[in-house]
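S.K.:
Protein chains: 2
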Amino acid sequence: MRIALDAMGGDNAPFEIVWGGVLAAAQTEDSIILVGDEKAIRKSLKHRHPKIRPIPDVEALLKSGRLTIVHTDEAIAMDDAPAAAVRRKKNCSINVCMRMVKEGQADAAVSAGNSGAMAASALFILGRIKGVARPAIATVMPTSNASRPLLLLDAGANTDCHHEWLREFAVMGDIYSRLVLGREEPTIGLMSIGTEDCKGNELTKHAFPLLRSYTPGICFKGNVEGHDVFEGETDVIVCDGFIGNVILKTSESAAHAMGGWLKRIIKSSIWYKLAAIPLIPALKTFKQHMDPEIYGGAPLLGVPGAVIITHGSSTHKAIFYACRAGSRAAKHNVSQAIAERIAALPEAPLDEELDALLHNASQPTAQNPVENDAEKR
Amino acid sequence: MRIALDAMGGDNAPFEIVWGGVLAAAQTEDSIILVGDEKAIRKSLKHRHPKIRPIPDVEALLKSGRLTIVHTDEAIAMDDAPAAAVRRKKNCSINVCMRMVKEGQADAAVSAGNSGAMAASALFILGRIKGVARPAIATVMPTSNASRPLLLLDAGANTDCHHEWLREFAVMGDIYSRLVLGREEPTIGLMSIGTEDCKGNELTKHAFPLLRSYTPGICFKGNVEGHDVFEGETDVIVCDGFIGNVILKTSESAAHAMGGWLKRIIKSSIWYKLAAIPLIPALKTFKQHMDPEIYGGAPLLGVPGAVIITHGSSTHKAIFYACRAGSRAAKHNVSQAIAERIAALPEAPLDEELDALLHNASQPTAQNPVENDAEKR
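Below, the structure written as structure tokens:
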């Protein structure tokens, strides 16, 4: 597969991005197209990456065409208003990557740049898969079960969602989980505030019957709650982009805070520090387990083409795994599978019909707003 | 202060609850009223609590009237539909506690029972403070700054909120933070998906100008995001009850998962186990830091009376701190303060006016849904 890699996007661009691309070109079957300011890219290629051993033969990769450079001198700054910027800067690296995918010169696009810009550029240039109302950013998160990461979508592309969009998120998540994450029968959960069927807000209460009765081909386990995020017993969790973004960032915040507290306590005494030395490999393993970089970034699902967004702070490792995810998404033709499944979805019932279903389901709880928190805390 | 303590509510009732009450009666100025099945309560009092040293003189406390028992044999089960149950079981322990507060026989009510039942009972018996549209459950969470826990509300009482309710949450949170948590100038944040003013969903975009320009007396710092939850730089975060509940449970899930991973890794080798022994006190400190029990449970704000809800799994320690929080809330007359501040709130502008403010603020982002995730990931 040919991966168009935005060399200019991200806090550590171009150096970490470029070397992530080199690593992917050297260690996988894929060929990597570095898109960005050629001068800056070549400069990065001249400095060896301290953490990459053995050092790949960059010259050979360039000669063989496994690693190529496509020059563009426009770039989007992190503080640019994304959609505006991608419309104004026609030849910014993200747009060039997208155009290469659209025109068949690349099979996937990968960027650590502004996710809003990335999504806007994808919509602007690739458009949407027929029948998909809203593309969603899906993000892969670690769970207690190391071999079973969680796919959470939407992670921030759509803040106010219609319940029918959540059905599309479920289908797209199901496909990505099967084809790229390798789950055979991914279980789909609907993020709510309790696991009982009647729990939730207006959005989830309308989405629930849709997912249960009008979404063939998915294994819907019903409502899940915050407690389930790290359990490793659900493969895909669907929610609106506001909730998804809050979950993602709260989790990152919790992990960061806890790591910090542990560090501070151990550093508080010389004895603890000494005692901790033999545990360093264990703590490293712990850190690796929580490392989101190995999960291959966040696919933008619902656009015709494989598009992978990675964290702004991505290192060469994150980029390497993102390229692999993009390659798999392209190889298994995720977009095609989404198009087919979305086209085959049965017509959703009218809102009135859903309201009726809903009314019956939530009758006991309809009287009182506080009812909605009926589960024990 | 006189605390009506629901001895029958919670997973560890009555034993842990009763002894939490004994501890509060013994170590504070407050007198504790144990409400529930007298036989069960006396039985619990007969068995000493293994973790409480020195052992309080229960007989003396009972004689002095610092510890009293009010008998009722009705109780709400965790799986009862809360509101229905509190209406049906007129004399369930929660209702009795609330009636004692209403009739001035107690100054505060504390329960580890079903939070939905608790809130329903409070609304049912105490009603709402004049001008408060919706009472909210506020929850106190640990942060990176041990001396500055976070007050998050609503934590689950109201799943679909009107933006004006969020303004009330901000005022109630501000008052509780000042009077009970002892913050002098609590900073209030609005939970959103980015810190820029224009970020968020329809709800937060409408609430933002309200909090900024129509809520005198609060120190509004603007939008916050998931990353800020554990930072310890915001004293109060307001959001709808759906988001709040998801944040609370996701954080608990993250903490639990990370503790579990660390344990599993250390237990994976005999060497790690041995090496970890001298670190046990450090790990204990770490655990204490994350322990939500010391933060005094979750007040139900917006009802006329001090009502504290604690986690279903509360131990004697959680109950002890919850009684202290209830005592402080009653002593500083939080309800009265809320009533005054709510009554003094300026009229909120019409939705059309807010829409106008909004439209100007979010103009650049209005064109494209994905815009809403413009911040880098």
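Chains Z and A are the protein sequences, given in the same order.
Numbering-wise (my numbering), the first sequence opens with residue 1 and increments by one.
Numbering-wise (my numbering), the second sequence opens with residue 378 and increments by one.
Just so you know, even glycine gets a beta-carbon here, dropped at the ideal spot from N, CA and C.
With a Cβ-Cβ cutoff of 9 Å, do Val307/Z and Met141/Z count as a contact?
M.R.: No, they are not a contact pair.
S.K.: Against chain A, does Leu279/Z count as a neighbour if the rule is that its beta carbon must be under 9 Å from one of theirs?
M.R.: Yes, contact with chain A.
S.K.: Of all the options Lys51/Z, Pro50/Z, Thr72/Z and Leu45/Z, which has the alpha carbon lying nearest to the alpha carbon of Ala60/Z?
M.R.: Looking at the Cα atoms, Leu45/Z is the closest of the given residues.
S.K.: Compare the beta carbon distance of Ala133/Z and Glu164/Z with 9 Å and say whether it is the shorter of the two.
M.R.: The answer is yes: Cβ separation under 9 Å.
S.K.: Return the bridge partner residues of Phe597/A from the DSSP annotation.
M.R.: Beta-bridge pairing links Phe597/A to Ile565/A.
S.K.: Does the structure place the segment 684 to 697 of chain A close enough to the segment 302 to 320 of chain Z that three or more beta carbon pairs sit under 8 Å?
M.R.: Cβ pair count under 8 Å is below three, so no.
S.K.: What is the rounded straight-line gap between the Cα of Phe546/A and the Cα of Val101/Z?
M.R.: Spanning the two alpha carbons is a distance of roughly 48 Å.
S.K.: Measure the Cβ-Cβ separation of Val412/A and Leu439/A and say whether it is below 9 Å.
M.R.: Cβ atoms of Val412/A and Leu439/A: not closer than 9 Å.
S.K.: With 7 Å as the limit, tell me which residues of the segment 199 to 227 of chain Z have their beta carbon closer than that to any beta carbon of chain A; keep them in chain order.
M.R.: The segment 199 to 227 of chain Z vs chain A, Cβ under 7 Å: Gly200, Asn201, Glu202, Glu225, Gly226 and His227.
S.K.: According to the neighbour-count rule (16 or more other Cβ atoms, all chains shown, within 10 Å of its Cβ), is Glu202/Z buried or exposed?
M.R.: Exposed, by the Cβ-count rule.
S.K.: Quick one: what does DSSP say Met495/A is sitting in, helix, strand or coil?
M.R.: Met495/A falls in the helix class under three-state DSSP.
S.K.: Chain Z partners of Glu629/A, CB-CB under 8 Å?
M.R.: Ordered by position in chain Z, the residues that pass the 8 Å Cβ test against Glu629/A are Gly226 and His227.
S.K.: Do Ile3/Z and Ala75/Z have their CB atoms nearer than 9 Å?
M.R.: No, the Cβ-Cβ distance between Ile3/Z and Ala75/Z is not below 9 Å.
S.K.: Do we get a CB-CB distance below 9 Å when we pair Glu608/A with the residues of chain Z?
M.R.: Interface residue, yes.
S.K.: Could you name the residues of chain Z that Ala632/A contacts, counting a contact when the two beta carbons are closer than 8 Å?
M.R.: By Cβ distance, chain Z contributes Ala254 and Met258.
S.K.: Give the secondary structure of Arg379/A by DSSP, where H, G and I count as helix, E and B as strand, and everything else as coil.
M.R.: Arg379/A: strand per DSSP, three-state reduction.
S.K.: Do Ala462/A and Asn389/A have their CB atoms nearer than 9 Å?
M.R.: It is not a contact, given that the beta carbons lie outside the stated cut-off.
S.K.: Grouping DSSP H, G and I as helix and E and B as strand, with all else coil, what is Ile277/Z?
M.R.: Residue state, collapsed to three classes: helix.
S.K.: For Tyr176/Z, go through chain A and note every residue whose CB falls closer than 9 Å to its CB, in chain order.
M.R.: In chain order: nothing, as chain A lies at least about 17 Å away.
S.K.: So that I know if they touch, is there some Cβ in chain A lying closer than 9 Å to that of Leu34/Z?
M.R.: Not an interface residue.
S.K.: Taking the straight line between their C-alpha atoms, what separation do you get for Gly703/A and Ala515/A?
M.R.: Looking at the two C-alpha atoms, the distance is approximately 13 Å.
S.K.: For Lys102/Z, return the contacting residues in chain A, with the cut-off set at a CB-CB distance below 8 Å.
M.R.: The premise fails here: Lys102/Z is roughly 17 Å from chain A at the closest Cβ pair, so nothing lies under 8 Å.
S.K.: Note down, in chain order, each residue of its chain lying with its Cβ closer than 8 Å to the Cβ of Met1/Z, except the 5 sequence neighbours on either side.
M.R.: If we look at Met1/Z and ignore the five residues flanking it on each side, its Cβ neighbours are Glu29, Asp30, Ser31, Asp107, Ala108, Gly326, Ser327, Ala330 and Lys331.
S.K.: Examine chain A for any beta-carbon lying closer than 9 Å to the beta-carbon of Thr143/Z, and answer yes or no.
M.R.: Yes, because at least one Cβ of chain A sits closer than 9 Å to the Cβ of Thr143/Z.
S.K.: Rounded to whole angstroms, what's the CA-CA distance from His426/A to Ala155/Z? Just pull it up for me.
M.R.: Computed Cα separation, rounded: 47 Å.
S.K.: Against chain A, with Cβ distances strictly below 9 Å, would Thr159/Z count as a contact?
M.R.: Closer than 9 Å: yes.
S.K.: Can the beta-carbon of Pro681/A be found closer than 9 Å to that of Ser630/A?
M.R.: In this structure, Ser630/A does not lie closer than 9 Å to Pro681/A by Cβ.
S.K.: Since Glu353/Z sits in a beta bridge, which residues does DSSP pair it with?
M.R.: None, per the DSSP bridge assignment.
S.K.: Mind checking which residues open and close the beta strand (DSSP E) that includes Ser31/Z?
M.R.: Ser31/Z -> beta strand (DSSP E) spans Ser31 to Gly36.
S.K.: If you pair each beta-carbon of the segment 214 to 222 of chain Z with each one of the segment 239 to 246 of chain Z, do three or more pairs fall below 8 Å?
M.R.: Result no; under three Cβ-Cβ pairs closer than 8 Å.
S.K.: Quick check: Gly173/Z and Ile188/Z, are their CB atoms within less than 9 Å of each other?
M.R.: The answer is yes: Cβ separation under 9 Å.
S.K.: Name the chain Z residues that come within less than 8 Å of Ile620/A, Cβ to Cβ?
M.R.: The answer, in chain order, is Phe242, Ile243 and Val246.
S.K.: The alpha helix (DSSP H) with Ala462/A in it runs from where to where?
M.R.: From DSSP, the alpha helix (DSSP H) with Ala462/A extends over Pro459 to Arg465.
S.K.: Using a Cβ-Cβ distance cut-off of 9 Å, determine whether Met321/Z contacts chain A.
M.R.: As written in the sequence, residue 321/Z is Tyr, which differs from the Met given in the question. Chain A, which has no Cβ nearer than 9 Å to the Cβ of Tyr321/Z, makes this no.
S.K.: Report yes if the C-beta distance between Asn158/Z and Ala136/Z is below 9 Å; otherwise report no.
M.R.: Yes. Within cutoff.
S.K.: Give the secondary structure of Met635/A by DSSP, where H, G and I count as helix, E and B as strand, and everything else as coil.
M.R.: Three-state DSSP puts Met635/A in a helix.
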